[in-house]
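Peer 1: Take the sequence shown: its position 90, counting from 1, is numbered 269 in this note's numbering, and each next residue is one higher.
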Amino acid sequence: MKDPLISVIVPIYMIDRYIGICIESIISQTYRNLEIILVDDGSKDRCSEICDLYAKKDPRVRVIHKPNGGLVSARKAGLQQSNGAYINYVDGDDWIGPGFIEGLYTAASTSGADMVCAGHTRDLFSKSAHFTNALPAGIYEGERLKWLWQNMILFGSFYRPGISTYVWNKLFKREVLLAPQSSVDSRISIGEDGAVTYPALLNCKRVVVTDNVAYHYRQREDSMLKQSASYSVEAQKLKYLYDYMMRWSQSTAPELDIASQVTDYILSIAIMRSGGRLPQDDFSTFDTAYYGKDVVIYSAGTFGQQLIARFKETGHCNVVAWLDDDYWEYRRCYMDVDPVESITSIDYDYVLIAAVDPGVAKSVKKRLLDLGISAERILTVSVLDDKEGLMSRFLDTDTIKVEEAKRKREVLSHA
Numbered sequence: 180m181k182d183p184l185i186s187v188i189v190p191i192y193m194i195d196r197y198i199g200i201c202i203e204s205i206i207s208q209t210y211r212n213l214e215i216i217l218v219d220d221g222s223k224d225r226c227s228e229i230c231d232l233y234a235k236k237d238p239r240v241r242v243i244h245k246p247n248g249g250l251v252s253a254r255k256a257g258l259q260q261s262n263g264a265y266i267n268y269v270d271g272d273d274w275i276g277p278g279f280i281e282g283l284y285t286a287a288s289t290s291g292a293d294m295v296c297a298g299h300t301r302d303l304f305s306k307s308a309h310f311t312n313a314l315p316a317g318i319y320e321g322e323r324l325k326w327l328w329q330n331m332i333l334f335g336s337f338y339r340p341g342i343s344t345y346v347w348n349k350l351f352k353r354e355v356l357l358a359p360q361s362s363v364d365s366r367i368s369i370g371e372d373g374a375v376t377y378p379a380l381l382n383c384k385r386v387v388v389t390d391n392v393a394y395h396y397r398q399r400e401d402s403m404l405k406q407s408a409s410y411s412v413e414a415q416k417l418k419y420l421y422d423y424m425m426r427w428s429q430s431t432a433p434e435l436d437i438a439s440q441v442t443d444y445i446l447s448i449a450i451m452r453s454g455g456r457l458p459q460d461d462f463s464t465f466d467t468a469y470y471g472k473d474v475v476i477y478s479a480g481t482f483g484q485q486l487i488a489r490f491k492e493t494g495h496c497n498v499v500a501w502l503d504d505d506y507w508e509y510r511r512c513y514m515d516v517d518p519v520e521s522i523t524s525i526d527y528d529y530v531l532i533a534a535v536d537p538g539v540a541k542s543v544k545k546r547l548l549d550l551g552i553s554a555e556r557i558l559t560v561s562v563l564d565d566k567e568g569l570m571s572r573f574l575d576t577d578t579i580k581v582e583e584a585k586r587k588r589e590v591l592s593h594a
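(1) So, is Gln-485 buried or exposed, given that buried needs 16 or more other C-beta atoms within 10 angstroms?
(2) I'd like the span of the alpha helix (DSSP H) that includes Val-530, first residue to last.
(3) Just grab the DSSP bridge partners of Glu-214 for me.
(4) Determine the DSSP secondary structure at Ile-552, reduced to helix, strand or coil.
(5) So, with DSSP's three-state summary, where would you put Gly-282?
(6) Does the count of Cβ pairs from the stretch 520 to 531 and the stretch 493 to 503 closer than 8 Å reach three?
(7) Leaving out five residues on either side along the sequence, give the residues of the same chain with a beta carbon under 7 Å from the beta carbon of Ala-393.
(8) So the candidates are Leu-327, Asn-262, Ala-479; which of them puts its Cα closest to the Cα of Tyr-595?
(9) Taking a contact to mean a Cβ-Cβ separation below 8 Å, would you say Ile-445 touches Leu-417 in this structure?
(10) Hey, out of Tyr-423, Thr-431, Phe-351, Leu-324, whose CA is closest to Val-363's CA?
(11) Reducing DSSP to helix, strand and coil, say where Glu-320 ends up.
(12) Within a Cβ cutoff of 7 Å, which residues of the same chain sit near Asp-390, ignoring the five residues on either side of it in sequence?
(13) Can you name the residues that DSSP bridges to Thr-300?
(14) Going by other Cβ atoms of all chains shown within 10 Å of its Cβ, with 16 needed for buried, is Thr-209 buried or exposed?
(15) Indicate the three-state DSSP secondary structure (helix, strand or coil) for Phe-337 in the structure shown.
(16) So, under 8 Å CB-CB, Tyr-509 and Val-475 are touching, yes? Tell me the CB distance rounded to an integer number of Å.
(17) Among Val-543, Leu-350, Ile-342, which one has its Cα closest to the Cα of Leu-184?
(18) What did DSSP end up calling Arg-385 once you bin it into helix, strand or coil?
(19) Determine, using beta-carbon pairs with one atom in the stretch 189 to 207 and one in the stretch 257 to 277, whether at least three such pairs fall under 8 Å.
(20) Which residue from Ile-318, Lys-306, Asn-262, Ala-256 puts its Cα closest to that of Thr-285?
(21) Could you tell me which residues DSSP puts in a beta bridge with Ala-500?
(22) Does the separation of the CB atoms of Leu-569 and Phe-465 fall below 8 Å?
(23) With burial defined as no fewer than 16 other Cβ atoms inside 10 Å of the residue's Cβ, what is the status of Lys-491: buried or exposed?
(24) Would you kindly work out how many angstroms separate the C-alpha atoms of Gln-146 and Met-294, rounded to a whole number?
(25) Pro-190 to Arg-301, Cα distance in whole Å?
(26) Within 10 Å of its beta-carbon, does Ser-428 have 16 or more other beta-carbons around it, so buried, or fewer, so exposed?
(27) In whole angstroms, what is the alpha-carbon distance linking Ile-206 and Leu-435?
(28) Just the Cα atoms here: how many angstroms apart are Val-543 and Ile-532?
(29) Do you know whose CA, among Val-387, Ile-216, Tyr-345, lies nearest Gly-370's CA?
(30) Is it the case that the Cβ atoms of Ser-368 and Gly-263 are separated by a distance below 8 Å?
(31) I need the straight-line Cα distance from Ser-447 to Tyr-338, nearest angstrom please.
(32) Using CA coordinates, which residue listed in Val-560, Asp-536, Ser-561, Val-530 is at the minimum distance from Leu-548?
(33) With DSSP as the reference, label Asp-364 as helix, strand or coil.
(34) Excluding the 5 residues preceding and the 5 following Gly-257 in the sequence, name in chain order all residues of the same chain whose CB lies nearer than 6 Å to its CB.
(35) Under DSSP, the beta strand (DSSP E) around Ile-332 begins and ends at which residues?
(36) By the three-class DSSP mapping on this structure, what secondary structure does Val-295 have?
Listed below in structure tokens is the structure:
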């Protein structure tokens, strides 16, 4: 019996430095019955030329050239043109190990699963780190699948997902993916993976979670430095995601508590994108007032970078150091980041741990305590009980725009 066709959809935009490596990793898969759909989303570099070259070399490769419409639009276009019984996504700047797709298909075919959820490897220059789902590996059906649904977006305390949001480390049966991907709002550009992954999971009768980490997510130099838009712009993007996912949650069974999970999910993104503070008042998600103090920021990821940006906007406190284990990699991107151990020689009032995952924050706090830092000086994210109210304040775009304009006028008047 012939193996079923698997469609691999690759959205591509302005990544000619990486796309060849990505395509080579797909055409070299041990699973051979593939339909490889390269979606060139209006690239102005050599991506179009490279894609067409591979289409000539391998009959399994098809190319879609379209005007730029964003990641959601590119994935939709690829899915509409696909024919596979199963669908897999690979982002055009990533790559996959030779047995990745075969491993996912074997997990699906031997269990009869509608969806396989894997882990991934993050490649950062010469460093690699493995990440798996918080929910344990295994087959989920019946009551166990219901438990997965109740914990897929939020597992335990705020905030850690049970199943990772990403679409690219998963294998979908076509019928469970088609509606979620086709109906997602194309304006969504933050959290677009979660808007597809979680509705697709609810369409499943059986799910496999695996610790396969053969998907390699490339942390690029140019993606390490996050663009810092005004929070009003970020809030509007988040509002598209929130409105879409809340409408979806209303169609789900009440006992699954999907709406509450969605609120926590989007609130976690809002905290990271805002630097943990609301521009329209003095509220902060950290558990101690630190305004006017000398602070150290721990983590140079999205949250840490947004903290730095927002503090520069407001002048609420003085950042005396920025620390991260991957400090050398961030320095290569022209970011002034120091090793964690340097904290012992710095004068400061508080350390702000820029992490919304309580497990990560707990681990970091223990490390700081081991370095001799007193617990009173270590601040972590503390989310209030009224999460819905806090969420509405983070998404109050009209008030946020007014406050941002006011602050800009104040800055200009003091210039």
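Just so it is clear, CB atoms sit at the ideal spot from N, CA and C, and this is done for glycine as well.
Just so you know, these numbers come straight off a predicted model, no measurement behind them.
Peer 2: This is what the structure gives:
(1) Position 306 of the sequence shown, counted from the first residue, corresponds to residue 485. Gln-485 is buried by the Cβ-count criterion.
(2) Mapped onto the sequence shown, residue 530 falls at position 351. Counting along the chain, Val-530 falls outside any alpha helix (DSSP H), though it belongs to the beta strand (DSSP E) covering 529 to 532.
(3) For the purposes of this step, residue 214 is identified with residue 35 of the sequence shown, where counting begins at 1. Listed as beta-bridge partners of Glu-214 by DSSP are Ser-186.
(4) Here the question's residue 552 lines up with position 373 in the sequence shown. Ile-552: coil per DSSP, three-state reduction.
(5) Numbered from 1 along the sequence shown, position 103 holds the residue referred to as residue 282. Correct three-state label for Gly-282: helix.
(6) At 8 Å Cβ cutoff, the stretches touch.
(7) Against the sequence shown, residue 393 aligns to sequence position 214. Spatial neighbours of Ala-393 in its own chain (CB-CB distance under 7 Å, excluding positions within 5 residues in sequence) are listed in chain order as Ile-275, Gly-276, Gly-278, Phe-279, Gly-282.
(8) This structure cannot settle anything about residue 595, because the visible part of the chain is limited to 180 through 594.
(9) Within the sequence shown, the letter at position 266 stands for residue 445. Within the sequence shown, the letter at position 238 stands for residue 417. For Ile-445 and Leu-417, yes; Cβs fall inside 8 Å.
(10) Translated into positions along the sequence shown, residue 363 becomes position 184. Of Tyr-423, Thr-431, Phe-351, Leu-324, the residue nearest in Cα terms is Tyr-423.
(11) For the purposes of this step, residue 320 is identified with residue 141 of the sequence shown, where counting begins at 1. Per DSSP, reduced to three states, the secondary structure at Glu-320 is strand.
(12) Against the sequence shown, residue 390 aligns to sequence position 211. If the five residues before and after Asp-390 are omitted, its C-beta is found closer than 7 Å to the C-beta atoms of Gly-298, Thr-311, Ala-316, all from its own chain and listed in chain order.
(13) Locating residue 300 in the sequence shown gives position 121, counting from the first residue. Answer is His-309, His-395, bridged to Thr-300.
(14) Residue 209 sits at position 30 when you count from the first residue of the sequence shown. The Cβ neighbour count for Thr-209, taken over all protein chains shown within 10 Å, is under 16; the residue is labelled exposed.
(15) Taking the first residue of the sequence shown as position 1, residue 337 is located at position 158. Coil at Phe-337, not helix or strand.
(16) Taking the first residue of the sequence shown as 1, we reach residue 509 at position 330. Taking the first residue of the sequence shown as 1, we reach residue 475 at position 296. No, Tyr-509 and Val-475 are not in contact; Cβ-Cβ is about 15 Å, not under 8 Å.
(17) Working through the sequence shown from its first residue, we reach residue 184 at position 5. Nearest C-alpha to Leu-184 among Val-543, Leu-350, Ile-342: Leu-350.
(18) One-based indexing of the sequence shown puts residue 385 at position 206. Looking at Arg-385 - three-state DSSP - the assignment turns out to be strand.
(19) The stretch 189 to 207 vs the stretch 257 to 277: in contact.
(20) As a working mapping, residue 285 is identified with position 106 in the sequence shown. Check the Cα spacing between Thr-285 and each of Ile-318, Lys-306, Asn-262, Ala-256: the tightest is with Ile-318.
(21) Your numbering for residue 500 matches position 321 in the sequence shown. Beta-bridge pairing by DSSP links Ala-500 to Val-475.
(22) The residue labelled residue 569 in the question sits at position 390 within the sequence shown. The residue labelled residue 465 in the question sits at position 286 within the sequence shown. Not closer than 8 Å, so no.
(23) To locate residue 491, count along the sequence shown from 1; it is residue 312. Label assigned to Lys-491: exposed.
(24) Absent from the model: residue 146. The displayed extent of the chain is 180 to 594, so no value can be given.
(25) Counting from 1 along the sequence shown, the entry for residue 190 is found at position 11. Counting from 1 along the sequence shown, the entry for residue 301 is found at position 122. Roughly 19 Å separates the two Cα atoms.
(26) One-based indexing of the sequence shown puts residue 428 at position 249. Residue environment: Ser-428 is assigned as buried (16 or more neighbouring CB atoms within 10 Å of its CB, all protein chains considered).
(27) For the purposes of this step, residue 206 is identified with residue 27 of the sequence shown, where counting begins at 1. For the purposes of this step, residue 435 is identified with residue 256 of the sequence shown, where counting begins at 1. Roughly 40 Å separates the two Cα atoms.
(28) The residue given as residue 543 occupies position 364 in the sequence shown. The residue given as residue 532 occupies position 353 in the sequence shown. Distance between the alpha carbons of Val-543 and Ile-532: 8 Å.
(29) Residue mapping note: residue 370 aligns to position 191 of the sequence shown, counting from 1. By alpha-carbon distance to Gly-370, the top candidate from Val-387, Ile-216, Tyr-345 is Tyr-345.
(30) As a working note, residue 368 is residue 189 in the sequence shown. As a working note, residue 263 is residue 84 in the sequence shown. With respect to Gly-263, Ser-368 sits apart: the two C-beta atoms are not nearer than 8 Å.
(31) The sequence position of residue 447 within the sequence shown is 268, counting from 1. The sequence position of residue 338 within the sequence shown is 159, counting from 1. Going by the C-alpha atoms only, they are around 7 Å apart.
(32) In the sequence shown, counting from the first residue as 1, residue 548 sits at position 369. Measuring from the Cα of Leu-548, the nearest candidate turns out to be Val-530.
(33) Taking the sequence shown and counting its residues from 1, the one referred to as residue 364 is at position 185. Note: Asp-364 maps to coil in three-state DSSP.
(34) By one-based count along the sequence shown, residue 257 stands at place 78. For Gly-257, where only same-chain residues beyond five positions count, the Cβ hits under 6 Å are Ile-188, Ile-216, Val-218.
(35) In the sequence shown, the residue the question calls residue 332 occupies position 153. Counting along the chain, Ile-332 falls outside any beta strand (DSSP E), and DSSP gives it neither H nor E.
(36) Here residue 295 is taken as the residue at index 116 of the sequence shown, counted from 1. In this structure, Val-295 counts as strand in the three-state DSSP scheme.
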